[in-house]
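Line order of the protein sequences matches chains A and B. Counting the first sequence from 1 gives a position; our numbering is that position plus 3. Counting the second sequence from 1 gives a position; our numbering is that position plus 3. All C-beta atoms, glycine included, are put in the ideal place defined by N, C-alpha and C. Just so you know, these numbers come straight off a predicted model, no measurement behind them.
There are 2 protein chains.
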Amino acid sequence: MARFMDVHHDMRGITADQLLKAHEADLAIEKDEGVHFEHSWADPQSGLVYCLSEAPSAEAVQRVHERAGHRADEIHPVPLQV
Amino acid sequence: MARFMDVHHDMRGITADQLLKAHEADLAIEKDEGVHFEHSWADPQSGLVYCLSEAPSAEAVQRVHERAGHRADEIHPVPLQV
């Protein structure tokens with residue numbers, strides 16, 4: 004398992020409730036891909052959303068996000084953490 | 004206080020020890036600006052580093068990072084979190 008930070012670019016105007024619902028949509032299916040989404044942070048003004056996950060691969064992260072209806076624009080492994 | 008995600012673009016090859024030392028350099032002076040750096044995640048291959056902080060402003064985040072020797076390339080408020 005590795006850790007990933009993925010980024011969505013176009014979520015301008017996202018609300019707290021929409022972020023929670025999107026996260027719950029990921030959580031509902033993430034086990035199918037061996038992924039766990041740990042946290043998400045959103046800036047409604049710029050439309051940026053960052054998601055931190057543990058996953059077997061970037062492709063597994065994307066498959067969960069796609070099935071949940073919100074494909075990521077970037078997915079980066081982040082093997083280092085403090 | 005607000006939460007911020009800042010991004011560094013050019014830290015290719017960063018090691019776990021260098022990430023820890025950079026984080027400690029922030030922690031050593033962050034109180035001067037009322038900032039707290041909570042976590043950082045790094046991808047040595049792409050050179051991307053993400054830092055999550057609580058701070059009074061994006062400018063305060065940047066002042067700490069600049070004094071610690073690693074100016075951020077992007078700083079985004081992230082008022083929403085799950």
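{"Query": "Between the CA atoms of Glu33 (chain A) and Glu41 (chain A) - distance to the nearest angstrom", "Result": "11 Å"}
{"Query": "Residue closest to Asp35 (chain B), alpha-carbon to alpha-carbon, out of B:Arg74, B:Val67, B:Pro47 and B:Thr18", "Result": "B:Val67"}
{"Query": "Distance between Ser49 (chain B) and Gly37 (chain A) (C-alpha atoms, nearest Å)", "Result": "24 Å"}
{"Query": "Contacts of Gln84 (chain A) in chain B (Cβ-Cβ under 9 Å)", "Result": "Ala19, Leu22, His42, Ser43, Trp44 and Ala45"}
{"Query": "Beta-bridge pairing of Val10 (chain B) - partner residues as DSSP gives them", "Result": "B:Tyr53 and B:Glu77"}
{"Query": "Closer than 8 Å to chain A by CB, Pro80 (chain B)", "Result": "yes"}
{"Query": "For Gln84 (chain A), the three-state DSSP class (helix, strand or coil)", "Result": "strand"}
{"Query": "Alpha carbon of Phe7 (chain A) to alpha carbon of Ser56 (chain A), nearest angstrom", "Result": "5 Å"}
{"Query": "CA-to-CA distance, Pro47 (chain B) to Asp13 (chain B), given in whole angstroms", "Result": "9 Å"}
{"Query": "Cutoff 8 Å: Arg6 (chain A) Cβ touching any chain B Cβ", "Result": "yes"}
{"Query": "Inter-residue spacing [alpha-carbon to alpha-carbon] between Cys54 (chain B) and Arg70 (chain B)", "Result": "16 Å"}
{"Query": "Endpoints, alpha helix (DSSP H) assigned at Asp35 (chain A)", "Result": "Neither: Asp35 (chain A) is in no alpha helix (DSSP H) and is coded neither H nor E."}
{"Query": "Interface flag, Ser60 (chain A) vs chain B, CB-CB below 8 Å", "Result": "no"}
{"Query": "Integer Cβ distance of His73 (chain B) from Ala25 (chain B), believed to fall under 8 Å", "Result": "6 Å"}
{"Query": "Per-residue contacts from Ser49 (chain A) into chain B (C-beta, under 9 Å)", "Result": "His79 and Pro80"}
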